[in-house]
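The structure appears right after this line, and notes come after that.
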Amino acid sequence: MNALSSSEHIADAIDWAAAFSSYGRRATASEIRELLKLLDQPGIISFAGGIPDPALFPLEILAEAHARVFADPALAQAALQYSVSEGYRPLRDRLAQTWRDQGVELDADNILITNGSQQALDLIGRLFLDPGDVVLSARPTYLGALQAFNAAAPRHGDLADLATGPKAKLAYVMPDFANPTGETMGMNQRSALLADAEARGVTVVEDGAYVSLSYDGEPPPSLLALEAAAKGSVDPGRVIHCGTFSKTIVPGLRVGWIVAPRPVIRKLVLLKQAADLHTSSLAQIVLADVLDHLGPGHIQALRAAYGERRDAMLAALDRHMPPGVSWSRPKGGMFVWVDLPEGQDGAALLQRAIETERVAFVPGGAFFATEPRRNSLRLAFSLSDPATIEEGVARLGRLLRSEAAR
Ligand SMILES: Cc1ncc(COP(=O)(O)O)c(C=O)c1O
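Here the sequence shown is numbered in this note's numbering, starting from -19 and rising by one per residue.
Here it is, written out as structure tokens:
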């Protein structure tokens, strides 16, 4: 018996499902994840991965930052030592200053550094949700937030029902360049959401993952900023903001943050301590150094590069999509959301798209907590140059025309 078959034999012999927690049993890989594994094949144009382009990482500055940290014995020791759960103080101070520069009254005690904003969502879910509690989100919304909140086995509701639906515990909102739709909430929508949350006593979780990637000017102020302006500071408010360096610097360092009223931060620190003690000291110290050296040119370059790809994708969709197909027109972020004619299924289409046209996307059904709208797709424009985007969308258009003729 070779090693593989012997380990398969062992795996079969134990009923692991019976040993797992109910949460462990609920956590399952999606079929889509399996399909997306096929994308490494040559010749496939993929609009599936919603990730930053590694060619745009500030590699030189990152290398210099690491070198500077290791050249300073005290800093190097701090970078390699255990640290406090709240996060590296100079980084928290710097983030607090950035918020104050936008007119938001807060200080470093309102900030917790997390292992990416994904951990922020996980910790917030753990702090606020009991089984059966209602969490509201847009339909569709970010799959990773649904997964994080699902640890608590909540009930999912539609953000549109905030004012009138069953009383919710949390409202998860992405006002700027949302994943997966690319849409931005207008000022009136933001004000109405805050008023409804206040009236119903709902805690608002604002996900600002893409807010800096704006291509047509600045979006309206964040929910956190609007509420802090109305109430004088972050502390009396009910908005919790999740931020990240993943989209603007690099995701691999895994550094994000939470801004919240102090009593919330104090509790989140305890949960963070239980989860992983603290975010990598090295990553935080390096990031603080990178922020000192990056300058405004970096974000301008990102906006120019991704903005050009957004333009290329919208122009290609205008050229190649058959009648009956509609799509969002994002002002920032990485995604365009495509609605297909009634009756089409994005997941079935993906299979054919990979096999016949060699183009890939994420089927839209994956982004719904309940009752998925299957006749939809998410296209990411972040990873492809304009010529590849044109070719990929042309292939998609051909596929959709042949679908319409089926
Ligand atoms: C909307 C949104 N929120 C949060 C995250 C988590 O990112 P990170 O943990 O790298 O900060 C992502 C990642 O894709 C995202 O799209």
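Cβ coordinates follow ideal geometry from the N, Cα and C atoms, glycine included.
Item: Within 10 angstroms of its Cβ, does residue 208 collect 16 or more other Cβ (buried), or is it exposed?; Value: buried
Item: Cutting at 7 Å between CB atoms, please list the residues of its own chain near residue -6, excluding the five before and the five after it.; Value: none
Item: Can you tell which of 262, 104, 150 has the C-alpha that lies nearest to the C-alpha of residue 235?; Value: 262
Item: Which ranges does the alpha helix (DSSP H) cover as unbroken runs of at least 4 residues, wholly within the segment 47 to 130, from first to last along the chain?; Value: 53 to 60, 69 to 81, 96 to 108, 123 to 129
Item: Whole angstroms are fine: how far does the CA of residue 310 sit from the CA of residue 356?; Value: 16 Å
Item: Going by DSSP, what residues sit across from residue 152 in a beta bridge?; Value: 117, 185
Item: At which residues does the beta strand (DSSP E) containing residue 357 begin and terminate?; Value: 356 to 360
Item: For ligand 1, list every residue whose C-beta falls under 5 Å from any of its heavy atoms, going in chain order.; Value: 96, 97, 98, 122, 159, 187, 189, 224, 226, 231, 236
Item: Roughly how many angstroms lie between the CA atoms of residue 277 and residue 384, to the nearest whole one?; Value: 46 Å
Item: Looking at residue 111 and residue 134, is the spacing between their C-beta atoms short of 9 Å?; Value: yes
Item: For residue 316, does the three-state DSSP call read helix, strand or coil?; Value: strand
Item: Considering just the uninterrupted stretch of the alpha helix (DSSP H) at residue 270, what are its terminal residues?; Value: 261 to 274
Item: Under the three-state reduction of DSSP, which class applies to residue 135: helix, strand or coil?; Value: strand
Item: For the 8 Å Cβ check, are there 3 or more pairs between the segment 198 to 215 and the segment 290 to 300?; Value: no
Item: Where residue 370 and residue 31 are concerned, what is the direct C-alpha to C-alpha distance, given to the nearest angstrom?; Value: 19 Å
Item: Buried or exposed: residue 167, going by 16 or more other Cβ atoms within 10 Å of its Cβ?; Value: exposed
Item: Can you check which of these residues, 54, 39, 24, 192, is closest to residue 284 by C-alpha distance?; Value: 192
Item: Between residue 146 and the rest of its own chain, which residues show a CB-CB distance below 7 Å, the 5 nearest in sequence each way excluded?; Value: 114, 137
Item: Can you give me the Cβ contacts of residue 177 inside the same chain, cut-off strictly under 7 Å, excluding the 5 residues immediately before and after it?; Value: 142, 151, 184, 218
Item: Shortest alpha-carbon distance to residue 198 belongs to which of 1, 382, 82, 37?; Value: 82
Item: Between the C-alpha atoms of residue 37 and residue 44, what's the straight-line distance to the nearest angstrom?; Value: 13 Å
Item: Short of 7 Å in beta carbon distance, which residues of its chain neighbour residue 170, apart from the five on each side in sequence? Order them along the chain.; Value: 155, 200, 203, 206
Item: What is the rounded straight-line gap between the Cα of residue -3 and the Cα of residue 3?; Value: 11 Å
Item: What are the start and end residues of each continuous alpha helix (DSSP H) run of 4 or more residues lying completely inside the segment 269 to 353, in chain order?; Value: 277 to 300, 326 to 332
Item: Please go through the same chain and pick out, in chain order, the residues whose beta-carbon is closer than 7 Å to the beta-carbon of residue 268, but skip the five residues on each side of it.; Value: 68, 70, 71, 74
Item: Taking the alpha-carbon positions, what's the residue 386 to residue 280 distance?; Value: 45 Å
Item: Taking the alpha-carbon positions, what's the residue 318 to residue 20 distance?; Value: 23 Å
Item: Quick check on DSSP: helix, strand or coil for residue 194?; Value: strand
Item: Sorted by chain position, which residues of the same chain lie with C-beta nearer than 7 Å to residue 65's C-beta, five sequence neighbours on each side aside?; Value: 249, 252, 253, 257, 258
Item: Consult DSSP for residue 31 and reduce its assignment to one of helix, strand or coil.; Value: coil
Item: So residue 330 packs on residue 346, CB below 8 Å; how close in whole Å?; Value: At roughly 10 Å, the Cβ-Cβ gap does not stay under 8 Å, so residue 330 and residue 346 are not in contact.
Item: May I have the straight-line CA-CA distance separating residue 314 from residue 247, to the nearest angstrom?; Value: 33 Å
Item: Just verifying my parser: in three-state terms, what is the DSSP assignment at residue 460?; Value: The first residue shown for the chain is -19 and the last is 386, placing residue 460 beyond what the model contains.
Item: Report the residue from 1, 24, 40 whose alpha carbon sits nearest the alpha carbon of residue 273.; Value: 40
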